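Encoded as structure tokens, the structure appears first; notes follow it.
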Amino acid sequence: MNEWAFWGFLPFLAGAFFTDTLTMKIPNWITAPAVLMGFLTQGLSGGWKGVLFAGAGAAAGFLPLLLMHVIGAVGAGDVKLFAGIGAWTGYFFTIQVIVYSLLFAAAIGWIIVLKRREGFRRLRSVARLLTGIFYMPKWTLFKSRDGDMLRFPFMFAVVPGAAAAFLGGWI
26 MNEWAFWGFL PFLAGAFFTD TLTMKIPNWI TAPAVLMGFL TQGLSGGWKG VLFAGAGAAA
86 GFLPLLLMHV IGAVGAGDVK LFAGIGAWTG YFFTIQVIVY SLLFAAAIGW IIVLKRREGF
146 RRLRSVARLL TGIFYMPKWT LFKSRDGDML RFPFMFAVVP GAAAAFLGGW I
């Protein structure tokens with residue numbers, strides 16, 4: 026990934042952070058231009074190779090986040106935004122951002138759980154879920170009650186995840 030691709034995508038990431046923080050949604054007027062501009066920029070700078078680079082990156086961002094969306098972990102805007110990250114920066118950087126973002130999200134989630142003093146209750150429900158998998162093979166076990174989900178704007182984890190991936194390439 027070239028450094029200019031990161032800086033080119035940064036305004037879209039900032040817009041997504043702003044809207045996700047305020048509304049817990051990332052609108053299409055941010056994600057669609059991010060994807061399209063990523064393809065256009067990569068295509069203009071690298072021809073068909075650039076378009077393939079953008080396509081592989083978009084798929085690398087879209088598919089894992091789509092799976093996370095299906096299980097209820099992230100919203101649809103996050104899925105489309107990661108397609109945009111991939112279109113701009115390619116598959117390798119995008120996978121790094123996903124991994125770092127998940128690590129930051131786990132840390133943020135545990136901080137919230139500990140602050141609310143829900144740690145033991147949450148660990149107990151995870152243990153029940155894991156034992157239920159072996160005794161009752163129903164996929165409905167993975168469906169959670171909405172009130173039981175711990176929710177916060179995923180961009181709280183994505184922004185530091187993107188920064189860590191960017192800085193990790195220079196260390």
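Quick note: the sequence shown uses our numbering, first residue 26, plus one each step. Glycine is no exception: its CB is placed at the ideal position from the N, C-alpha and C atoms. Treat the numbers as computed from the prediction; the structure is a model and nothing was measured.
Tell me whether residue i sits in a helix, a strand or coil according to DSSP, three-state version.
{"i": "Lys50", "result": "coil"}
{"i": "Ile96", "result": "coil"}
{"i": "Gly115", "result": "coil"}
{"i": "Phe177", "result": "coil"}
{"i": "Arg142", "result": "coil"}
{"i": "Ser169", "result": "Note that Ser169 scores 46 on pLDDT, short of 50, meaning its location in the model is unreliable and no value can be drawn from it."}
{"i": "Pro185", "result": "helix"}
Determine the closest residue to residue i out of the options, with distance taken between C-alpha atoms.
{"i": "Ala98", "options": "Gly111, Ala79, Ala130", "result": "Ala130"}
{"i": "Leu128", "options": "Phe181, Phe107, Ile96, Ile55", "result": "Phe181"}
{"i": "Gly217", "options": "Phe37, Leu192, Ala189", "result": "The chain is shown only over 26 to 196; residue 217 falls outside these bounds and no answer can be derived."}
{"i": "Ala189", "options": "Tyr116, Ala132, Gln121, Ile133", "result": "Gln121"}
{"i": "Phe93", "options": "Gly193, Val124, Ala59", "result": "Rather than Phe, the amino acid found at residue 93 in this sequence is Met. Ranking Gly193, Val124, Ala59 by Cα distance to Met93 puts Val124 first."}
{"i": "Leu90", "options": "Ile110, Gly40, Gly71, Thr46", "result": "Ile110"}
Given this structure, state the Cα-to-Cα distance separating residue i from residue j, to the nearest angstrom.
{"i": "Val138", "j": "Gly186", "result": "20 Å"}
{"i": "Leu106", "j": "Arg141", "result": "30 Å"}
{"i": "Trp32", "j": "Thr48", "result": "25 Å"}
{"i": "Met62", "j": "Thr114", "result": "12 Å"}
{"i": "Gly71", "j": "Ile136", "result": "43 Å"}
Determine, using beta carbons only, whether residue i comes closer than 8 Å to chain D.
{"i": "Phe179", "result": "Looking for chain D here will not work: only one protein chain is present."}
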